[in-house]
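J.: Residue numbers (our numbering), protein chains in the order written: chain A, 1 to 470; chain B, 471 to 675. Virtual Cβ for every residue (Gly too), placed ideally from N, Cα, C. Quick one: the structure is below, questions incoming.
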Amino acid sequence: MPEKRTLFEKIWNAHLVAEPSGRSCILYIDLHLVHEVTSPQAFDGLRTAGRRVRQPLRTVATVDHNIPTEPRGTPITDAIAARQIEALQKNCREFGIRLFDMDSPEQGIVHVIGPELGLTQPGMTIVCGDSHTSTHGAFGAVAFGIGTSEVEHVLATQCLAQQKPKTLKIEVRGRLQEGVAAKDLALGIIGQIGTDGASGHVIEYAGEAVRGLSMEGRMTVCNMSIEAGARAGMVAPDETTFAYVKGRRFAPRDREWDRAVASWRTLPTDDGASFDRVVVIDGAQLSPFVTWGTNPGMVAPITGRVPEPGSMRDGDRRATELALEYMALEPGKHIEDIAIDRVFIGSCTNSRIEDLRAAARVAKGHRVNPKVRAMVVPGSQTVKRAAEQEGLHRIFLDAGFEWRESGCSMCLGMNPDILQPGERCASTSNRNFEGRQGRGGRTHLVSPMMAAAAAITGHFTDIRNWKFQP
Amino acid sequence: MKPFSVHRGLAAPLDRANVDTDQIIPKQFLKRIERTGFGEFLFYDWRYTPQGTKKDDFTLHQPRYKNASVLVAGRNFGCGSSREHAVWALSDFGFRAVIAPSFADIFANNSSKNGFLAVVLSENDVAEAMRRAREIDAYHLTIDLEKCQVRDEQGFLANFQIDEFVRHCLLNGLDDIALTLQHEAEIAAYETQHPVPQSVLRLAP
Numbered sequence: 001m002p003e004k005r006t007l008f009e010k011i012w013n014a015h016l017v018a019e020p021s022g023r024s025c026i027l028y029i030d031l032h033l034v035h036e037v038t039s040p041q042a043f044d045g046l047r048t049a050g051r052r053v054r055q056p057l058r059t060v061a062t063v064d065h066n067i068p069t070e071p072r073g074t075p076i077t078d079a080i081a082a083r084q085i086e087a088l089q090k091n092c093r094e095f096g097i098r099l100f101d102m103d104s105p106e107q108g109i110v111h112v113i114g115p116e117l118g119l120t121q122p123g124m125t126i127v128c129g130d131s132h133t134s135t136h137g138a139f140g141a142v143a144f145g146i147g148t149s150e151v152e153h154v155l156a157t158q159c160l161a162q163q164k165p166k167t168l169k170i171e172v173r174g175r176l177q178e179g180v181a182a183k184d185l186a187l188g189i190i191g192q193i194g195t196d197g198a199s200g201h202v203i204e205y206a207g208e209a210v211r212g213l214s215m216e217g218r219m220t221v222c223n224m225s226i227e228a229g230a231r232a233g234m235v236a237p238d239e240t241t242f243a244y245v246k247g248r249r250f251a252p253r254d255r256e257w258d259r260a261v262a263s264w265r266t267l268p269t270d271d272g273a274s275f276d277r278v279v280v281i282d283g284a285q286l287s288p289f290v291t292w293g294t295n296p297g298m299v300a301p302i303t304g305r306v307p308e309p310g311s312m313r314d315g316d317r318r319a320t321e322l323a324l325e326y327m328a329l330e331p332g333k334h335i336e337d338i339a340i341d342r343v344f345i346g347s348c349t350n351s352r353i354e355d356l357r358a359a360a361r362v363a364k365g366h367r368v369n370p371k372v373r374a375m376v377v378p379g380s381q382t383v384k385r386a387a388e389q390e391g392l393h394r395i396f397l398d399a400g401f402e403w404r405e406s407g408c409s410m411c412l413g414m415n416p417d418i419l420q421p422g423e424r425c426a427s428t429s430n431r432n433f434e435g436r437q438g439r440g441g442r443t444h445l446v447s448p449m450m451a452a453a454a455a456i457t458g459h460f461t462d463i464r465n466w467k468f469q470p
Numbered sequence: 471m472k473p474f475s476v477h478r479g480l481a482a483p484l485d486r487a488n489v490d491t492d493q494i495i496p497k498q499f500l501k502r503i504e505r506t507g508f509g510e511f512l513f514y515d516w517r518y519t520p521q522g523t524k525k526d527d528f529t530l531h532q533p534r535y536k537n538a539s540v541l542v543a544g545r546n547f548g549c550g551s552s553r554e555h556a557v558w559a560l561s562d563f564g565f566r567a568v569i570a571p572s573f574a575d576i577f578a579n580n581s582s583k584n585g586f587l588a589v590v591l592s593e594n595d596v597a598e599a600m601r602r603a604r605e606i607d608a609y610h611l612t613i614d615l616e617k618c619q620v621r622d623e624q625g626f627l628a629n630f631q632i633d634e635f636v637r638h639c640l641l642n643g644l645d646d647i648a649l650t651l652q653h654e655a656e657i658a659a660y661e662t663q664h665p666v667p668q669s670v671l672r673l674a675p
């Protein structure tokens, strides 16, 4: 009997270049995604040491973190941001790396364009100097975020020295209710296991609810793995995966495609393979969620209330008190009674075409509450064009949403899209940390449907009771 | 990389769990293209008012913690964004190590590449070190990577575990790119067996 292996172990083992005794494994990296913020020091390191980029063709760059989302061609007024973008352009030229630049019709958030261009494929090892690299695990790839020193390491060697992480299976049984999105599943999981619940582990998401998700939904769930502390998140590839990848620009074609699919079919975890840990979640019991605090584990169902710190143990009580003070929320307040000032629909978590369709379906025939400023930032130029072809931008614009150019935007507020102090935002992004979207800004994480509904009513609203307009 | 063997330094308490890297170095300071100069922006929102005035009551601004080089913090330190700038900022500010009950994986990785120590001690040991850092004036901790020990001069002693290879690299200040390139023959062999696929060759700029 051959050894039973997990999806993760199969990919990990297939990429081991060397296992020196007493040292970390040397793991080969198939695809290295690069962006402007975490790479300049890495390229400088190469130059200082007189090293080259070992595999320019396995390295792909784009600008996303600090570019403005005003119409393209608008000058970048932030001189330091402009210098960082210029540094990436220069580095890509010098080292022969493909760059999807500001003016490229395929520019976008690095974790949106990788899959969209067919660069992300099952069975790969993928890294990027960005923690949300876990997104690509949705394709059955081992994908994880790295720091700048490791970016330099991959540029120079196409390998990483890594200790093997543990495995955690999260099995989501049953089906998600209508109105409960992939984002709610992610928030529900983090609420249950905590923001360090998966530290040191690679998560494999499995079960009926996960199998039922589209690729966009799987990307949302894998994207948020890092918010549970995981090294990476994965979903086994299946027909849904193959259908998404097929025909994309850098996907295999013809005979190469047939061979690839045959090999991808061998990737799913063998029956009887064991994980270091298993967590079972009842997907049918999940509801739409809203975060109330300053980390993604501080989450409540839309029908719930802001928690009472008094009822908690010491460590949690202090963290909750600090969070509620920052968020300016009273314990016991109904989540539905929390009024908002801003709405952000976008980010590598929720800016793909399906996310925009879901939000547009809610917005259709309604008007954004006059007290709310709402913006939609497509994840890429490709998503933007697709949405415009379907007329989604019309729905948003007619409802009073802003329709902007692609980029990371207000997810992290490195560009001019930021919250003002005290502003409260319903956001489809991934982090509600203090100041993340702008100093003093208060972020509540929600799904695209929930964000659109909040934009219209001016407060959090249970999407399950929404009156959709035909 | 700067080697780390034994460091004795003033300890400062930061009694918070889940200190994320957005807090350690806010995003508006990530646009620099150098590795240096991040220290002045460390914990910026906690250290300065929105108008840029120094908050004198913040721990690291209290005279007794001036020149602290060991930070004692709550669990899951360094969670969130992969930004290595967080480690650069802590180092640049003068810290050589953080002691906490747990660290986010990427932060711990980044630390080890910068001669900066992320020391994991038990919840109880961290709580005790935190209490002493608050109550004892000029409280110094010694972090001994040779012996894998944290100790003070008042009888506190705790052992910690660290991956043996990471410890070896830190003690000797090794450049891990050079170490990996010692496997050039194996990398080249792997690349011969796994050539760049046709689909990817289309990426040539």
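(1) Residues in the same chain with beta-carbon distance under 7 Å from glutamate 152 of chain A, minus the five sequence neighbours each way, listed in chain order, please.
(2) Between the C-alpha atoms of proline 122 of chain A and threonine 167 of chain A, what's the straight-line distance to the nearest angstrom?
(3) Based on DSSP bridge pairs, tell me the residues matched to aspartate 490 of chain B.
(4) Please tell me whether glutamine 158 of chain A has its Cβ less than 8 Å away from any Cβ of chain B.
(5) For isoleucine 85 of chain A and valine 372 of chain A, I'd like the C-alpha separation in whole angstroms.
(6) Output the boundary residues of the alpha helix (DSSP H) element that contains threonine 650 of chain B.
(7) Does methionine 375 of chain A come out as helix, strand or coil in the three-state DSSP assignment?
(8) Mind pulling the chain B residues with CB within less than 9 Å of methionine 414 of chain A?
(9) Between isoleucine 353 of chain A and chain B, is there a C-beta pair that is closer than 8 Å?
(10) Looking only at its own chain, which residues have a Cβ that is under 6 Å from the Cβ of asparagine 488 of chain B, when we skip the five neighbours before and after it?
(11) Going by CA-CA distance only, name the one from A:Pro2, A:Gln285 and A:Tyr28 that's closest to tryptophan 12 of chain A.
(12) Comparing the C-beta of aspartate 130 of chain A with each C-beta of chain B, is any distance below 8 Å?
(13) Confirm, please, whether the CB-CB distance from glycine 140 of chain A to valine 245 of chain A is below 8 Å.
(14) Return the chain-ordered list of same chain residues with a C-beta closer than 8 Å to the C-beta of alanine 206 of chain A, the five sequence neighbours on each side being excluded.
(15) Any contact between the stretch 347-364 of chain A and the stretch 388-395 of chain A? By contact I mean 3 or more CB pairs, one from each, below 8 Å.
(16) In the structure shown, what three-state DSSP assignment does lysine 472 of chain B receive?
(17) Where does the unbroken beta strand (DSSP E) through aspartate 282 of chain A begin, and where does it stop?
(18) Taking the alpha-carbon positions, what's the glycine 391 of chain A to arginine 505 of chain B distance?
(19) Quick one: Cα of lysine 583 of chain B to Cα of serine 149 of chain A, how far?
(20) Compare the C-alpha of serine 199 of chain A against each of A:Glu227, A:Met219, A:Asp258 and A:Leu176 and name the closest.
(21) For the beta strand (DSSP E) containing proline 301 of chain A, name the first residue and the last one.
(22) Whose Cβ in chain B lies nearer than 7 Å to the Cβ of leucine 525 of chain A?
(23) What are the boundary residues of the alpha helix (DSSP H) that serine 263 of chain A is part of?
(24) If you reduce the DSSP assignment to three classes, tell me which class methionine 219 of chain A lands in.
(25) Straight-line CA distance for lysine 333 of chain A to proline 56 of chain A?
(26) Taking C-alpha atoms, which residue in A:Asn66, A:Glu423 and A:Ser21 lies nearest to glycine 407 of chain A?
(27) Please check the pair valine 53 of chain A and leucine 155 of chain A, which I expect to be a contact at CB under 8 Å, by giving their CB distance rounded to whole angstroms.
(28) Using the DSSP secondary-structure output, state which residues sit across from aspartate 614 of chain B in a beta bridge.
(29) Is it a yes or a no for the stretch 246-259 of chain A touching the stretch 659-671 of chain B, going by three-plus beta-carbon pairs under 8 Å?
(30) Please tell me whether glycine 509 of chain B has its Cβ less than 8 Å away from any Cβ of chain A.
(31) Could you give the distance in angstroms between the alpha-carbon of tyrosine 660 of chain B and the alpha-carbon of leucine 651 of chain B?
(32) State buried or exposed for glycine 22 of chain A, treating a residue as buried only when at least 16 other CB atoms are found within 10 Å of its CB.
(33) Could you tell me whether the stretch 525-536 of chain B touches the stretch 496-504 of chain B, where touching means 3 or more Cβ pairs closer than 8 Å?
(34) Give the interface partners of alanine 449 of chain B over in chain A, defined as CB-CB distance under 8 Å, in chain order.
(35) Might you give, ordered along the chain, the residues of its own chain that have their beta carbon closer than 6 Å to the beta carbon of arginine 98 of chain A, omitting 5 neighbours on each side?
(36) Would you please verify whether the beta carbon of threonine 612 of chain B is less than 8 Å from any beta carbon of chain A?
T.: Well, looking at it:
(1) Ala42, Gly45 and Leu46
(2) 18 Å
(3) B:Cys549
(4) yes
(5) 32 Å
(6) 646-651
(7) strand
(8) Lys497, Gln498, Leu500 and Lys501
(9) no
(10) Asn546 and Cys549
(11) A:Tyr28
(12) yes
(13) no
(14) Lys169, Ile170, Glu171, Val172, Val235, Ala236 and Thr269
(15) yes
(16) coil
(17) 277-282
(18) 45 Å
(19) 7 Å
(20) A:Glu227
(21) 299-301
(22) The structure shown does not extend to residue 525 of chain A, since chain A spans only 1 to 470, so no value can be given for it.
(23) 254-264
(24) helix
(25) 54 Å
(26) A:Asn66
(27) 5 Å
(28) B:Val476 and B:Gln619
(29) yes
(30) no
(31) 13 Å
(32) exposed
(33) no
(34) The structure shown does not extend to residue 449 of chain B, since chain B is modelled only from 471 to 675, so the question has no answer here.
(35) Val60
(36) no
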